[in-house]
Amino acid sequence: MRIGAHVDPTDPLAEAAARQAEAVQFFLADPQGWKAPKTREDAERLRAADVDLYVHAPYVINVATLNNRIRIPSRKLLLAHATAAAAVGAKGLIVHGGHVNAGQDVAVGFDNWRKTFAYAAESGGFPLPVLIENTAGGENACARHLDSLARLWDALGDHEVGFCLDTCHAHAGGEELLGLVDRVKAITGRIDLIHANNSKGAFNSGQDRHDNLTGGTIDPELLVAVIRAAGAPVIVETPGGVEGQAADIAFLRGQLGAAE
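Residues in the sequence shown are numbered from 10 upward in steps of one, following this note's numbering.
This is the structure we're talking about:
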């Protein structure tokens, strides 16, 4: 099981070394902006590294929305990031499940996801796995609750799509972590990546506030159980910089190794 962290994008490999991480996740552009990613001068070095790379798409992307001024640029930006992520050898591109506005039909949001994959297929499809991530808040979200996730996967049909399970988002979103992996896999058939985060917010609070693995409102043993059951690569998106994330990685290695 490869374990790593979300890091600053300036030099991801140096950040991995500082944390003794086997994997890193990073942004290729401003996560709150609409600019397409630029070609990285270190692309060849990143591709050749023995560190597994994951790219997180910008938070502004919402391909589910009924707002054309957001949905259409979101589709284009998602494809641009997928292309740029593939160029650096990333194993996956993580993107949030998105939402529709209050009072709107979320079924349209699910169909907009289908149209997003159809849009990408017109140019040959996404060049690497797109991993849809569950989200913590919103009553009109496409991937907060498992019943919505099931409708999303039904809408995507035959398109190849991956899943990223965020433990903080699940807890804060109102999904019990005990047995969660089996319930998710019954819907998606897969978990490609774990975002291992404790939660500052309470269960079903809707608050997307990450904490270190031995802090927060989730029992750390339960977090470890979820990660062990998933058997997928792990990225911690926890606070504390190098020191905090290195401690979380070491904690996971110790807990998972002790059970082997």
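Even glycine gets a Cβ: it sits at the ideal position worked out from N, Cα and C. Bear in mind that the values here come from a model prediction, so they are computed numbers and not experimental data.
| Asked | Found |
| --- | --- |
| DSSP three-state assignment for D61, whether helix, strand or coil | strand |
| Inter-residue spacing [alpha-carbon to alpha-carbon] between A268 and R56 | Interpretation of A268 is limited by its pLDDT of 49, a score under 50 that renders its predicted location unreliable; the figure taken from the coordinates is listed afterwards. C-alpha separation (whole angstroms): 33 angstroms. |
| Rounded straight-line distance, which links the Cα of G183 to that of E148 | 11 angstroms |
| When G188, D156, A164 and V193 are compared against F172, the one with the closest alpha-carbon | V193 |
| Supposed close pair A152, C177 - CB separation, criterion 8 angstroms | Actually they do not touch by this definition, with Cβ atoms about 14 angstroms apart. |
| Under the three-state DSSP convention, the category E142 falls into | strand |
| Beta carbon of A239 nearer than 7 angstroms to that of V190 | yes |
| Boundaries (first-last residue) of the beta strand (DSSP E) holding F36 | Segment: none, F36 is in no beta strand (DSSP E) and carries neither H nor E. |
| Distance CB(I12)-CB(E24) smaller than 7 angstroms | no |
| First and last residue of the uninterrupted beta strand (DSSP E) at C173 | G171 to D175 |
| Residue span of the beta strand (DSSP E) that contains I12, given as start and end | I12 to H15 |
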